[in-house]
Amino acid sequence: MSEITIQKGIGYQNGRPLPFVKSPNRGGSLKPRFIVIHDTASGLKDDGDISWLTNPKAKVSAHVVVSRDGKITQLVPFNVVAWHAGQSQWKGLKFMNSYAVGIEIDNPGKLQKVSDGVYKNDIVTIDTNKNPSLKVEYAKTTAHGAGYWLHYTDAQIAAVKDLCHAICDAFEIEDILTHWMISPGRKIDTNPLYPLEALRKSVLYYKPMGFISQSDEGQRHDTDESGEEQVTLDPPSDVRDESATAPGKLKAFIKSKITAASGLFGGLSVSSFLGLLTDWKVIVALGTFILLGLALWIWSEKK
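Position 293 of the sequence shown, counting from 1, maps to 293 under the working numbering, and the rest follow consecutively.
In structure tokens, the structure reads:
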């Protein structure tokens, strides 16, 4: 077991900084309450993932990428917002980028069976005949649908476990989630073979909030008797924009001031209010207030 610690947002493994490739795709400061685990939905090498997650045109990033051999590469400090969750929500919170650390695990996602031992999707072909160390399994859940999935390596599972321990030591983490849990219907990662509950029990055993109930949509309901259904893959997306975050502090500040002003005017009687309207300064101020409120309303609806 390697020792991972976090100091001022930077990860250290056995006393040495994690490999760090800076991503420009980031937001403001972050005080994480959750950890969200993702699949890269890519090939089997992490260099392509890192290149994409550090490309400004991608509008996506993560705090770390975990390669097939368990190597952890950090892209964004853990106390800074990364763009990994996009349109998402959990327990009343929206835009989980503003509340969560994002971990990307190198895994291709859903696969189709081409022939015995050969599986593919639009990105990669997995040939278990040529590489018996690659294990692919059929699984079906409500959240994921039916498909073939590449097993995560023992090194990946161990690395994510050690990293989550360190994140929980550094921050007040309430739960560990997956992308499909916070974006149901839009995302299906991690794949159904990932041992999420084992990770939660190992890392969150001392944090009661870690045992928030999980949707049963992730529970497998394939059996040997049911057979294997036809697997269909979603069409590839050219752009994966996951930059959405919660409304900023400026927006919240403006809303608070409008609310305060509303309370002030609301406390006036009708006669007092009509009396104020005889002062042109009050009329200008009131008009400005109305226009500001209208502009904020339009902005909020667009957000």
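No residue lacks a Cβ here, since even glycine has one placed at the ideal position from N, Cα and C. Being a predicted model, the structure only gives us computed values, none of them experimental.
The stretch 105-118 / the stretch 37-54 touching (three or more Cβ pairs under 8 Å): yes
Taking 7 Å as the cut-off, decide whether the C-beta atoms of I35 and A166 are in contact. no
Would you tell me roughly how many angstroms separate the C-alpha atoms of G218 and P192, rounded to the nearest one? Going from the Cα of G218 to the Cα of P192 covers about 7 Å.
At the level of alpha carbons, what is the spacing between Y12 and D162? 11 Å
Please state the DSSP three-state secondary structure of T340. This structure does not reach residue 340, given that the chain is present from 1 up to 303, and the question cannot be answered.
Curious, which full-length beta strand (DSSP E) runs of at least 3 residues does the stretch 34-78 contain? 34-39, 64-66, 72-74
What residue does the beta strand (DSSP E) around E104 start on, and which one ends it? For E104, the enclosing beta strand (DSSP E) covers residues 100-105.
What's the C-alpha gap between L93 and N131? 43 Å
Are there 16 or more other CB atoms within 10 angstroms of the CB of G86, so buried, or fewer, so exposed? buried
Following the continuous beta strand (DSSP E) through E137, name the residue where it begins and the one where it ends. Counting along the chain, the beta strand (DSSP E) containing E137 begins and ends at 136-141.
Go ahead and pull the three-state DSSP assignment for L30. coil
Using DSSP with H/G/I as helix, E/B as strand and the rest coil, what is I321? Outside the shown range of the chain (1 to 303) lies residue 321, about which nothing can therefore be said.
Assigned secondary structure, T178 (DSSP; H/G/I helix, E/B strand, else coil): The answer is strand: DSSP assigns T178 an E or B state.
Using the Cβ count rule (16 or more neighbours within 10 Å means buried), how would you classify I176? buried
Whose CA, out of L199, A285, Y99, V136, lies closest to the CA of K113? V136
Could you check which residue in P17, S51, G109, T288 has the C-alpha nearest to that of Y138? G109
In its own chain, which residues sit with a C-beta less than 6 Å from the C-beta of N14, not counting the 5 before and 5 after it? S2, E3
Would you grab the beta carbon distance between Y152 and Y119 for me? Rounded to a whole angstrom, and I think it's under 8 Å. At roughly 15 Å, the Cβ-Cβ gap does not stay under 8 Å, so Y152 and Y119 are not in contact.
Nonlocal neighbours in the same chain, by C-beta distance under 7 Å from G9, ignoring five residues either side: P77, F78, N79, V80
Would you mind sorting S202 into buried or exposed? The rule is 16 or more other CB atoms within 10 Å of its CB. Classification for S202: exposed.
Compare the C-alpha of L141 against each of P184, A155, A100 and name the closest. It is worth fixing the name first, because residue 141 is Thr in this sequence and not Leu. With distances taken between Cα atoms, T141 lies closest to P184.
At a cut-off of 6 Å, is R16 close to the ligand ZN when judged by its beta-carbon and the heavy atoms of the ligand? Absent from the structure shown: the ligand ZN. Ligands present: none.
Quick one: give me the first and last residue of the alpha helix (DSSP H) that S202 is part of. 196-203
Own chain partners of A261 with C-beta closer than 7 Å, once the 5 adjacent residues on each side are dropped: Annotation note: pLDDT 44 at A261 (below 50); position unreliable, no value reported.
Assuming N129 and W83 form a contact by the criterion Cβ under 8 Å, report the distance between their Cβ atoms to the nearest whole angstrom. Actually they are not in contact, since the Cβ atoms of N129 and W83 sit about 38 Å apart, beyond 8 Å.
Which residue from L111, H63, A100, P19 puts its Cα closest to that of K71? The shortest C-alpha to C-alpha distance from K71 to any of L111, H63, A100, P19 is the one to P19.
Measure the beta-carbon distance from I157 to G43 and round it to whole angstroms, keeping in mind my assumption that it falls under 8 Å. The distance from the Cβ of I157 to that of G43 is about 20 Å, inconsistent with a contact at the 8 Å cut-off.
At what residues does the beta strand (DSSP E) containing Q112 begin and finish? 112-115
What residue does the alpha helix (DSSP H) around Q219 start on, and which one ends it? Unbroken run through Q219: none, as it is neither H nor E.
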